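One structure is given below, encoded as structure tokens.
Numbering (our numbering), first residue to last: 4 to 315.
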């Protein structure tokens with residue numbers, strides 16, 4: 004059988020095209036990409052002191068870090084010094100601290116540094132020398148204060164701590180916690196600063212002071228924390244610290260510098276949370292725990308979701 008030239012040429016063309024196709028390099032598959040979470044590999048315990056604000060803040064950080072790849076848990080320890088010791092020993096990977104507490108109790112100073120930023124800068128520098136890093140300070144000053152039920156304040160005509168010194172000794176009754184009685188910025192210094200020489204004190208647990216002060220039976224004036232939600236809920240009036248006796252207690256997250264060096268993303272992640280916190284915000288969150296009886300972890304989770312910091 005004769006084969007036409009046209010048929011041969013067509014066959015050659017087909018073979019050539021197949022050959023060229025066979026020689027062409029195979030298209031490369033897209034390289035598989037695996038997104039590594041910012042804090043993958045970070046483990047540890049986020050600590051907290053033993054009151055509601057700390058429970059809430061500590062849970063917030065643990066939840067937030069875990070959302071970003073870490074594997075942390077949360078734990079409370081009684082006593083400020085114990086929490087700091089747990090950080091230094093490595094038992095805690097970090098916790099929320101207050102500038103005034105670190106400056107006075109851990110760094111051994113006799114008085115606070117006037118001004119929020121000045122106090123923060125001073126304590127950040129002092130703790131850096133010990134290998135402890137401070138992340139950003141929040142717009143939260145949970146300083147000590149004394150509060151009285153509002154109707155009694157109106158009856159006595161008082162607004163400040165200086166006003167109390169002019170009252171009869173029988174009205175100068177204070178409820179304080181045991182730690183405040185022994186702190187360098189505690190009861191003895193306050194009594195001297197404001198001339199409360201005739202004052203009498205009753206020592207109670209922190210949580211009990213609010214209700215006792217509201218009842219007005221064991222004491223007129225209760226030691227409170229400025230961001231506590233029970234102040235508003237119980238209609239207590241806070242006495243102005245007109246001689247600025249109490250140091251600034253700005254809250255900020257602390258951790259070892261070596262941990263921050265290993266996981267530098269920690270700073271941006273936690274600072275994003277810190278930037279949302281104010282005195283008013285903390286009073287509201289604390290009230291959910293201390294007034295409404297909600298679980299601190301639930302409060303923390305709901306807030307983080309509301310702020311868009313973790314998924315719902």
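Glycine included, every Cβ here is placed at the ideal spot set by N, Cα and C. If you're wondering where the values come from, they're calculated on a predicted model, not measured in any experiment.
Per the DSSP secondary-structure output, residue 74 pairs in a beta bridge with 46. Taking the Cα positions, residue 268 is about 49 Å away from residue 156. Spatial neighbours of residue 274 in its own chain (CB-CB distance under 8 Å, excluding positions within 5 residues in sequence) are listed in chain order as 138 and 139.
Of the candidates 121, 42 and 91, the residue whose Cα lies closest to the Cα of residue 258 is 91. Beyond the five residues adjoining it in sequence on each side, residue 63 comes within less than 8 Å, by CB distance, of 276, 303, 306 and 307 in the same chain, given in chain order. Only exposed fits residue 235, as fewer than 16 other CB atoms lie within 10 angstroms of its CB. The Cβ atoms of residue 174 and residue 206 lie no closer than 8 Å to each other. A check of alpha carbon separations from residue 105 across 87, 211 and 224 identifies 87 as the nearest.
Taking 4 residues as the minimum length, the alpha helix (DSSP H) runs contained wholly in the segment 74–124 are 83–92, in order along the chain. Taken through DSSP and simplified to helix, strand or coil, residue 251 comes out as coil. One alpha carbon belongs to residue 244, the other to residue 145, and they sit about 14 Å apart. Going by beta carbons, residue 60 and residue 99 fall inside the 8 Å limit. In this structure residue 226 is buried. Its beta-carbon is surrounded by 16 or more other beta-carbon atoms within 10 angstroms.
Within the same chain, and ignoring the five residues on either side of residue 203 in sequence, the residues whose Cβ sits closer than 6 Å to its Cβ are 176.
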